[in-house]
Amino acid sequence: MVPRRAALVALLSALTACVQYEARPLDPDAERAAIAGRMRPAELPALPPSGDPETFPLASTVDATDGLGLDEANALALTHAPALVAARSELRLRGAELLRAGLLENPELFLGPRIDTSGGGLIFPASLRLAIPLGGRLDAEEDRAEAEIEAARRKLLVAEAEVLIDVRRRYIALASLARRREILSRTVAATEYALEKTRQLAAAGEVDQVALGLAIMHRDDAEHELHELDVEATEARVALMTEIGLIPDATVAIIADRAILAERDLPAAENARLVRHPRLRALESAYLAREHGLEVEIAEQYPRLAIGPEFESDDGATSVGLGVSLELPIFDGNAGGIAVARERREAARAAWGHAMTELARAAELARVHHAHARSDLVELRESALPAAEATERALDQRLERGEASLVELLAAQDAIARTRLREVRLEQAAALQWLEAMWNGGRLLVDDAPSEEAR
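Position 288 (the sequence shown) corresponds to 1112 in the numbering used here; numbering is contiguous.
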């Protein structure tokens, strides 16, 4: 009876050690209220480093009721951005997988009473078997899981950087749109003034319907362009709020300071920094995981040793023994699994090489575009922009004297507006290309943590 009681206790202990299921129903109203609450004044939890604080300012508290600045948007993005929620979920998944990696298989308990057909007595056999894999498979599984976790951690770092970069891109675009709106608003006002003057001249019989129609079309075109710009700004604003995990709210103002368009010099390219790019470090860890995956498949060639005690009770006569069995993988050398693992390792190596060349290509192109935008800005500010400002001053003087014709007025207004809009677009292009060159060249955020091999 004692051995049978011990076996029952062991079985109950194993069952009570299991994690119990707990339901967690989804309440749509509560979830929406929680998302909406992100815009109320709140202190955020500790956030990860964001790299260069000048490029990625980070607020410790958020109060969207007085407008959403870049530092607050960055903090909200790091906390609630859907892309980062997914990346953190993958990291937790890898951590959960590590809990079972490198562990022995659960022991197998056998309890099976039998009837002795010759005498009708009961026989109570019991056995406990523990499988022990040979060839270092458990160590290889643990190493692979650790490398997968490291790859997921580095991918999370990349995702955080890319979200912050995209938030800055959107603020650059919004600052440019605000500046362009100022210019177009002045153009609309100028076309309204020209239209009113033309109506007065038409009433006096000094101009015909052609001039009046031209003034009306010029005013309508300016208003239409301003309307399209407002639609573009609304779309950019909604996209920003959605990306950082907020429900778009028309009452929340986006504070996009024009200082974000200020010109910044690019440091020289460095290959040493490029190869430490967080994206490449993530691929390094992924390659190491594939390397350990090949180890696991090779270890699968080796047999498993099963060992454990045996017990049997037959009409009061008991016997205890120790059983050992050995799997002989004669017919299966796991050739298929090894071949697949080798191809996955080669694919991971190729992915690293492809990513490096793509980063270098993107960084070089961004440098070229940045240099062209800066050069065009210098030329514009030295020639076309001063000419536009001088023309505007001369036009104002001629208007005061009543010497400007309608054709001159409309043409001058259009040329001045186009020149100023071109300056804003070049400022936006230079700011965006600087960001692209710095990120792809490994200058914004370098992952200097030691690799798995170094550790």
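Every residue, glycine too, gets a C-beta built ideally from N, C-alpha and C.
DSSP, read as helix, strand or coil, puts valine 1076 in coil.
Residue state for valine 886 is assigned as strand, using DSSP reduced to three classes.
Looking at Tyr1111, Ala1159 and Arg1103, the one whose alpha-carbon comes closest to that of tyrosine 1126 is Ala1159. Where glycine 1177 is concerned, the enclosing alpha helix (DSSP H) starts and stops at 1159 to 1203. The alpha-carbon separation between leucine 988 and arginine 1103 amounts to approximately 15 Å.
Under the three-state reduction of DSSP, arginine 912 is assigned to helix.
For glutamate 970, the secondary structure class from DSSP, reduced to helix, strand or coil, is helix.
Straight across, the Cα-Cα distance linking phenylalanine 880 with alanine 1080 is about 14 Å.
Around the beta carbon of asparagine 930, fewer than 16 other beta carbons lie within 10 angstroms, which makes this residue exposed. Around the beta-carbon of leucine 923, fewer than 16 other beta-carbon atoms lie within 10 Å, marking it exposed. Around the C-beta of threonine 1075, fewer than 16 other C-beta atoms lie within 10 Å, and the residue is accordingly described as exposed. Cα atoms of leucine 962 and glycine 1132: separation of roughly 19 Å, rounded to the nearest angstrom. Annotated as proximal: leucine 1256 and isoleucine 996, with beta-carbon spacing under 7 Å. In the structure shown, proline 906 adopts helical secondary structure according to DSSP, grouped into three states. Our two residues, alanine 1186 and asparagine 1264, have alpha carbons roughly 6 Å apart in a direct line. For arginine 1004, the three-state secondary structure derived from DSSP is helix. Bounds of any alpha helix (DSSP H) do not take in valine 1144; it lies within the beta strand (DSSP E) bounded by 1141 to 1150.
Of all alpha-carbon atoms in Val1192, Ala1235, Glu1124 and Ala1197, the one lying nearest the alpha-carbon of proline 957 is that of Glu1124. Under the criterion of beta carbons closer than 8 Å, tyrosine 1111 and arginine 1166 do not qualify as touching, at roughly 13 Å. In the DSSP assignment, glutamate 878 falls outside any alpha helix (DSSP H), carrying neither H nor E. Taking leucine 1183 as the centre and dropping the five residues before and after it, the same chain places the C-beta of Leu1098, His1101, Arg1103, Leu1104, Asn1264, Gly1265 and Gly1266 closer than 8 Å to its C-beta, in chain order.
Taking 7 Å as the cut-off, the Cβ atoms of leucine 1070 and valine 1012 do not count as close.
In the DSSP assignment, arginine 1088 falls outside any beta strand (DSSP E) and carries neither an H nor an E.
Secondary structure note for alanine 1113: its alpha helix (DSSP H) is the uninterrupted segment 1102 to 1123. A straight line joining the alpha-carbon of leucine 933 with that of threonine 1142 spans about 18 Å.
Per DSSP, the unbroken beta strand (DSSP E) holding isoleucine 956 starts and ends at 946 to 957. Between alanine 1261 and alanine 1190, the CB-CB gap stays under 7 Å.
Assigned with DSSP and collapsed to three states, glutamate 1094 falls in coil, not helix or strand.
Within the DSSP secondary-structure output, isoleucine 939 pairs in a beta bridge with Leu946.
Collapsing the DSSP output to three states places isoleucine 1068 in coil.
For the pair threonine 1022 and alanine 1046, the CB atoms are not nearer than the 7 Å cut-off.
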